[in-house]
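Quick note: the sequence shown uses numbering that gives the first Met the number 0, first residue 0, plus one each step. Think of the CB as a built atom: it goes at the ideal place given N, C-alpha and C, for glycine as much as any other residue. What you are looking at is a predicted structure, and each value in this text was computed from that prediction instead of being measured. Taking it in order: structure first as C-alpha coordinates, then the write-up.
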Amino acid sequence: MRIVVALGGNALLRRGEPMTADNQRANIRIAAEQIAKIHPGNELVIAHGNGPQVGLLSLQAQSYKPDEAYPLDVLGAETEGMIGYIIEQELGNLLDFEVPFATLLTQVEVDANDPAFKDPTKFIGPVYSKEDAERLAKEKGWVVKADGDKYRRVVASPKPKRIFEIRPIKWLLEKSSIVICAGGGGIPTMYDADRKLKGIEAVIDKDLCSALLAEQLEADLLVIATDVNAAFIDYGKPSQKAIAQAHPDELERLGFAAGSMGPKVQAACDFARHTGKVAVIGSLADIEDIVKGTAGTRVSTAKPGISYR
(Lines of atoms letter the chains of each structure in order from A and count residues from 1; the text may use other names and numbers.)
(Lines give C-alpha, C1' and ligand atoms only; values in the text may rest on other atoms or scores of the structure.)
Protein backbone atom coordinates (compact mmCIF):
# COMPACT_ATOMS: atom_id res chain seq x y z
CA MET A 1 0.00 0.00 0.00
CA ARG A 2 0.92 3.64 -0.35
CA ILE A 3 0.57 5.01 3.19
CA VAL A 4 0.72 8.61 4.43
CA VAL A 5 1.54 8.84 8.14
CA ALA A 6 0.81 12.18 9.83
CA LEU A 7 2.85 12.36 13.04
CA GLY A 8 1.29 14.31 15.88
CA GLY A 9 3.27 16.79 17.94
CA ASN A 10 3.75 14.22 20.72
CA ALA A 11 5.92 12.21 18.34
CA LEU A 12 8.43 15.07 18.46
CA LEU A 13 8.00 16.49 21.95
CA ARG A 14 5.93 15.11 24.80
CA ARG A 15 3.83 17.40 26.93
CA GLY A 16 5.83 19.17 29.62
CA GLU A 17 9.24 18.18 28.27
CA PRO A 18 11.97 20.79 27.76
CA MET A 19 12.33 21.45 24.03
CA THR A 20 15.90 20.25 23.68
CA ALA A 21 17.44 18.63 20.63
CA ASP A 22 18.12 15.48 22.66
CA ASN A 23 14.48 15.16 23.76
CA GLN A 24 13.22 15.63 20.22
CA ARG A 25 15.64 13.05 18.87
CA ALA A 26 14.68 10.54 21.58
CA ASN A 27 10.97 10.93 20.76
CA ILE A 28 11.56 10.69 17.02
CA ARG A 29 13.57 7.52 17.64
CA ILE A 30 10.52 5.99 19.36
CA ALA A 31 8.30 7.04 16.44
CA ALA A 32 10.79 5.64 13.94
CA GLU A 33 10.76 2.26 15.67
CA GLN A 34 7.02 2.03 15.05
CA ILE A 35 7.09 3.32 11.47
CA ALA A 36 9.87 0.88 10.57
CA LYS A 37 7.49 -2.00 11.31
CA ILE A 38 5.19 -1.09 8.40
CA HIS A 39 7.87 -0.36 5.82
CA PRO A 40 8.19 -3.88 4.34
CA GLY A 41 5.99 -4.08 1.24
CA ASN A 42 4.64 -0.54 1.55
CA GLU A 43 5.41 2.94 0.19
CA LEU A 44 5.73 5.48 3.00
CA VAL A 45 5.21 9.22 3.13
CA ILE A 46 5.68 10.95 6.49
CA ALA A 47 4.22 14.32 7.46
CA HIS A 48 4.71 15.92 10.87
CA GLY A 49 3.87 18.82 13.12
CA ASN A 50 6.22 21.70 13.92
CA GLY A 51 4.37 24.02 16.30
CA PRO A 52 6.85 24.00 19.21
CA GLN A 53 9.81 24.24 16.86
CA VAL A 54 8.40 27.28 15.03
CA GLY A 55 7.62 28.80 18.43
CA LEU A 56 11.24 28.33 19.51
CA LEU A 57 12.63 29.92 16.35
CA SER A 58 10.13 32.76 16.71
CA LEU A 59 11.43 33.38 20.23
CA GLN A 60 14.99 33.44 18.95
CA ALA A 61 13.95 35.91 16.24
CA GLN A 62 12.71 38.31 18.90
CA SER A 63 16.34 39.17 19.65
CA TYR A 64 16.48 40.84 16.22
CA LYS A 65 15.22 44.26 15.26
CA PRO A 66 11.69 44.12 13.82
CA ASP A 67 12.93 44.60 10.25
CA GLU A 68 15.50 41.80 10.68
CA ALA A 69 13.22 39.07 12.06
CA TYR A 70 12.50 36.14 9.79
CA PRO A 71 8.84 35.62 8.76
CA LEU A 72 6.82 32.51 9.62
CA ASP A 73 7.11 30.93 6.17
CA VAL A 74 10.92 30.97 6.44
CA LEU A 75 10.80 29.59 9.99
CA GLY A 76 8.50 26.83 8.74
CA ALA A 77 11.00 25.94 6.03
CA GLU A 78 13.79 25.79 8.61
CA THR A 79 11.84 23.40 10.83
CA GLU A 80 10.96 21.13 7.91
CA GLY A 81 14.66 20.67 7.27
CA MET A 82 15.58 20.15 10.92
CA ILE A 83 12.85 17.64 11.72
CA GLY A 84 13.20 15.81 8.41
CA TYR A 85 16.91 15.40 9.03
CA ILE A 86 16.32 13.71 12.39
CA ILE A 87 13.54 11.46 11.04
CA GLU A 88 15.75 10.39 8.14
CA GLN A 89 18.63 9.57 10.45
CA GLU A 90 16.66 7.69 13.11
CA LEU A 91 14.54 5.71 10.65
CA GLY A 92 17.57 5.07 8.45
CA ASN A 93 19.39 3.52 11.41
CA LEU A 94 16.60 0.93 11.66
CA LEU A 95 16.12 0.01 7.99
CA ASP A 96 18.42 -1.51 5.39
CA PHE A 97 21.25 0.76 4.26
CA GLU A 98 19.94 0.66 0.69
CA VAL A 99 16.56 2.26 1.56
CA PRO A 100 16.61 5.82 0.15
CA PHE A 101 15.20 8.83 1.99
CA ALA A 102 14.27 12.35 0.92
CA THR A 103 13.03 15.36 2.88
CA LEU A 104 11.25 17.90 0.70
CA LEU A 105 10.60 21.50 1.60
CA THR A 106 6.94 21.66 0.68
CA GLN A 107 5.19 24.82 -0.47
CA VAL A 108 1.41 24.85 -0.02
CA GLU A 109 -0.88 27.35 -1.69
CA VAL A 110 -3.67 29.01 0.27
CA ASP A 111 -6.40 31.39 -0.87
CA ALA A 112 -5.83 35.09 -0.18
CA ASN A 113 -9.60 35.38 0.39
CA ASP A 114 -9.72 32.56 2.96
CA PRO A 115 -11.90 33.81 5.85
CA ALA A 116 -9.20 32.65 8.29
CA PHE A 117 -7.23 35.82 7.51
CA LYS A 118 -10.03 37.94 8.95
CA ASP A 119 -10.06 36.03 12.25
CA PRO A 120 -6.62 34.62 13.19
CA THR A 121 -7.01 31.75 15.65
CA LYS A 122 -3.77 29.71 15.57
CA PHE A 123 -1.73 30.26 18.74
CA ILE A 124 2.04 30.27 18.29
CA GLY A 125 4.95 31.00 20.58
CA PRO A 126 5.01 31.67 24.34
CA VAL A 127 2.44 33.14 26.73
CA TYR A 128 2.54 36.77 27.88
CA SER A 129 0.86 39.02 30.41
CA LYS A 130 -1.80 41.30 28.96
CA GLU A 131 0.52 44.31 29.21
CA ASP A 132 3.43 42.59 27.45
CA ALA A 133 1.15 41.15 24.78
CA GLU A 134 -0.33 44.55 24.00
CA ARG A 135 3.13 46.11 23.83
CA LEU A 136 4.46 43.40 21.49
CA ALA A 137 1.36 43.63 19.33
CA LYS A 138 1.98 47.36 18.88
CA GLU A 139 5.73 46.97 18.30
CA LYS A 140 5.58 44.02 15.93
CA GLY A 141 2.16 44.35 14.32
CA TRP A 142 0.94 41.10 15.89
CA VAL A 143 -2.60 40.02 16.67
CA VAL A 144 -2.83 38.72 20.24
CA LYS A 145 -5.66 36.90 21.99
CA ALA A 146 -6.39 35.49 25.42
CA ASP A 147 -5.26 31.90 26.00
CA GLY A 148 -6.66 31.06 29.42
CA ASP A 149 -5.45 33.73 31.84
CA LYS A 150 -2.51 34.67 29.59
CA TYR A 151 -2.13 36.07 26.09
CA ARG A 152 -0.41 34.71 22.99
CA ARG A 153 0.21 35.69 19.42
CA VAL A 154 -2.31 34.31 16.93
CA VAL A 155 -1.98 33.93 13.17
CA ALA A 156 -4.33 32.83 10.44
CA SER A 157 -4.76 29.11 9.71
CA PRO A 158 -6.10 29.00 6.13
CA LYS A 159 -7.08 25.78 4.37
CA PRO A 160 -4.53 24.19 2.03
CA LYS A 161 -5.42 24.36 -1.67
CA ARG A 162 -2.49 22.88 -3.54
CA ILE A 163 0.84 21.20 -2.77
CA PHE A 164 3.38 22.35 -5.32
CA GLU A 165 5.85 19.48 -4.88
CA ILE A 166 3.40 16.64 -5.55
CA ARG A 167 5.16 15.61 -8.78
CA PRO A 168 8.65 15.21 -7.28
CA ILE A 169 7.13 13.38 -4.30
CA LYS A 170 5.56 10.89 -6.72
CA TRP A 171 8.85 10.52 -8.62
CA LEU A 172 10.65 9.71 -5.37
CA LEU A 173 8.02 7.13 -4.39
CA GLU A 174 8.44 5.47 -7.79
CA LYS A 175 12.12 5.04 -6.90
CA SER A 176 11.20 3.39 -3.56
CA SER A 177 12.18 6.40 -1.44
CA ILE A 178 10.66 7.13 1.93
CA VAL A 179 9.55 10.76 1.63
CA ILE A 180 9.24 13.24 4.51
CA CYS A 181 7.25 16.29 3.45
CA ALA A 182 4.49 18.79 4.27
CA GLY A 183 5.99 19.36 7.72
CA GLY A 184 3.87 21.61 9.90
CA GLY A 185 1.21 21.73 7.20
CA GLY A 186 3.74 22.91 4.64
CA ILE A 187 5.15 26.37 3.94
CA PRO A 188 2.17 28.73 3.48
CA THR A 189 2.30 30.59 0.16
CA MET A 190 -0.03 32.57 -2.09
CA TYR A 191 0.04 34.43 -5.40
CA ASP A 192 0.19 38.21 -5.28
CA ALA A 193 -1.50 40.63 -7.71
CA ASP A 194 1.30 40.05 -10.23
CA ARG A 195 0.90 36.24 -10.03
CA LYS A 196 4.19 35.91 -8.19
CA LEU A 197 4.33 33.28 -5.47
CA LYS A 198 5.26 34.55 -2.02
CA GLY A 199 5.30 33.29 1.56
CA ILE A 200 2.80 34.56 4.12
CA GLU A 201 2.47 34.88 7.89
CA ALA A 202 0.20 31.92 8.59
CA VAL A 203 0.20 28.32 9.83
CA ILE A 204 -1.61 25.59 7.89
CA ASP A 205 -3.15 22.77 9.90
CA LYS A 206 -0.90 19.72 9.64
CA ASP A 207 -3.72 17.17 9.53
CA LEU A 208 -5.72 18.97 6.84
CA CYS A 209 -2.59 19.27 4.72
CA SER A 210 -1.80 15.58 5.28
CA ALA A 211 -5.28 14.68 4.02
CA LEU A 212 -4.74 16.77 0.88
CA LEU A 213 -1.30 15.20 0.45
CA ALA A 214 -2.72 11.68 0.73
CA GLU A 215 -5.51 12.51 -1.70
CA GLN A 216 -3.19 14.01 -4.32
CA LEU A 217 -0.75 11.10 -4.00
CA GLU A 218 -3.64 8.64 -4.44
CA ALA A 219 -2.62 6.97 -1.19
CA ASP A 220 -4.35 3.79 -0.09
CA LEU A 221 -4.35 4.70 3.59
CA LEU A 222 -4.04 7.86 5.70
CA VAL A 223 -2.85 7.29 9.27
CA ILE A 224 -3.32 10.24 11.62
CA ALA A 225 -1.14 9.34 14.59
CA THR A 226 -1.94 10.96 17.92
CA ASP A 227 -1.48 10.27 21.65
CA VAL A 228 -4.73 8.34 22.09
CA ASN A 229 -5.67 5.02 20.51
CA ALA A 230 -8.89 6.25 18.87
CA ALA A 231 -11.34 9.12 18.60
CA PHE A 232 -13.72 9.05 21.58
CA ILE A 233 -17.12 10.36 22.47
CA ASP A 234 -17.34 11.84 25.99
CA TYR A 235 -13.56 11.74 26.23
CA GLY A 236 -12.30 11.91 29.81
CA LYS A 237 -15.71 11.07 31.28
CA PRO A 238 -16.89 7.76 32.77
CA SER A 239 -19.16 7.40 29.74
CA GLN A 240 -16.34 7.70 27.17
CA LYS A 241 -16.41 5.25 24.26
CA ALA A 242 -13.83 4.61 21.55
CA ILE A 243 -15.12 4.84 17.99
CA ALA A 244 -14.11 1.79 15.95
CA GLN A 245 -15.67 2.56 12.56
CA ALA A 246 -17.51 5.60 11.25
CA HIS A 247 -18.95 7.02 8.07
CA PRO A 248 -17.63 10.59 7.65
CA ASP A 249 -21.14 12.10 7.59
CA GLU A 250 -21.99 10.49 10.92
CA LEU A 251 -18.62 11.26 12.53
CA GLU A 252 -18.80 14.96 11.68
CA ARG A 253 -22.19 15.24 13.38
CA LEU A 254 -20.70 14.30 16.75
CA GLY A 255 -18.70 17.51 17.05
CA PHE A 256 -15.09 17.54 18.25
CA ALA A 257 -13.03 20.30 19.84
CA ALA A 258 -11.33 22.57 17.33
CA GLY A 259 -8.16 22.70 19.42
CA SER A 260 -7.64 18.96 19.74
CA MET A 261 -9.42 16.15 17.88
CA GLY A 262 -11.48 18.40 15.57
CA PRO A 263 -8.90 18.92 12.78
CA LYS A 264 -7.95 15.22 12.84
CA VAL A 265 -11.58 14.17 12.42
CA GLN A 266 -12.10 16.73 9.65
CA ALA A 267 -8.95 15.54 7.84
CA ALA A 268 -9.98 11.89 8.09
CA CYS A 269 -13.49 12.68 6.84
CA ASP A 270 -12.19 14.78 3.94
CA PHE A 271 -9.83 12.04 2.76
CA ALA A 272 -12.43 9.26 3.07
CA ARG A 273 -15.13 11.28 1.33
CA HIS A 274 -12.95 12.54 -1.52
CA THR A 275 -11.18 9.25 -2.29
CA GLY A 276 -13.36 6.37 -1.11
CA LYS A 277 -10.30 5.10 0.79
CA VAL A 278 -9.75 4.65 4.53
CA ALA A 279 -8.34 7.12 7.06
CA VAL A 280 -7.49 5.99 10.58
CA ILE A 281 -7.03 8.03 13.76
CA GLY A 282 -5.02 6.16 16.37
CA SER A 283 -1.89 5.71 18.40
CA LEU A 284 1.50 5.38 16.75
CA ALA A 285 2.15 2.43 19.07
CA ASP A 286 -0.69 0.56 17.31
CA ILE A 287 0.45 1.31 13.76
CA GLU A 288 0.93 -2.33 12.76
CA ASP A 289 -2.63 -3.14 13.82
CA ILE A 290 -3.89 0.07 12.20
CA VAL A 291 -2.44 -1.07 8.87
CA LYS A 292 -3.98 -4.52 9.42
CA GLY A 293 -7.35 -2.87 10.03
CA THR A 294 -7.78 -3.90 13.67
CA ALA A 295 -6.96 -0.72 15.63
CA GLY A 296 -7.80 2.96 15.72
CA THR A 297 -10.89 4.79 14.49
CA ARG A 298 -11.43 3.83 10.86
CA VAL A 299 -13.21 6.44 8.76
CA SER A 300 -14.68 5.19 5.49
CA THR A 301 -17.66 5.65 3.17
CA ALA A 302 -17.93 1.86 2.78
CA LYS A 303 -20.37 1.44 5.69
CA PRO A 304 -23.07 3.73 7.12
CA GLY A 305 -23.31 4.63 10.78
CA ILE A 306 -20.88 4.36 13.68
CA SER A 307 -19.66 1.38 15.70
CA TYR A 308 -17.80 1.43 19.01
CA ARG A 309 -15.15 -0.71 20.68
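With a Cβ-Cβ cutoff of 8 Å, do Ala271 and Val264 count as a contact?
-> no
Counting only runs of 4+ residues fully inside the region 111-155, write out the alpha helix (DSSP H) ranges in chain order.
-> 129-139
Could you tell me which residues DSSP puts in a beta bridge with Phe231?
-> Ala241
Using 8 Å as the Cβ pair cut-off and three pairs as the minimum, do the region 74-84 and the region 146-166 touch?
-> no
Between which two residues does the alpha helix (DSSP H) containing His273 stretch?
-> 261-274
Out of Lys302, Phe255, Gly261, Val222, point me to the one whose CA is closest to Ile286's CA.
-> Val222
Exposed or buried, Tyr150, counting other C-beta atoms within 10 Å across all chains shown (16 or more means buried)?
-> buried
Report the three-state DSSP secondary structure of Ser306 (helix, strand or coil).
-> strand
Measure the alpha-carbon distance for Val302 versus Glu249 and round it to whole angstroms.
-> Looking at the sequence itself, residue 302 is Lys, so the reference to Val does not match. The straight-line gap from Cα to Cα measures roughly 11 Å.
For the beta strand (DSSP E) that Tyr190 lies in, which residues bound it at each end?
-> 186-190
Check Ile165 in the structure and name its three-state DSSP category.
-> helix
Under the criterion of a Cβ to heavy atom distance below 7 Å, does Leu171 qualify as lining the ligand GTP?
-> This structure does not include the ligand GTP; it has no bound ligands of any sort.
Alpha carbon to alpha carbon, how far is Leu220 from Ser175?
-> 17 Å
Have a look at Gly48 and Thr225 and give me their C-alpha separation to the nearest angstrom.
-> 11 Å
For Lys212 versus Pro167, is the C-beta distance shorter than 8 Å?
-> Here residue 212 is Leu; the residue named in the question, Lys, does not match the sequence. Not in contact: Leu212 and Pro167 (Cβ atoms no closer than 8 Å).
Distance between Asp204 and Ala243 (C-alpha atoms, nearest Å) | 24 Å
According to DSSP, which residues form a beta bridge with His47?
-> Leu6
Limits of the unbroken alpha helix (DSSP H) element including Lys323 = The structure shown does not extend to residue 323, since the chain spans only 0 to 308, so no value can be given for it.
Cα-Cα separation between Pro17 and Ala192, rounded to whole angstroms | 43 Å
From Val44 to Ile2, what does the alpha carbon distance come to, in whole angstroms?
-> 6 Å
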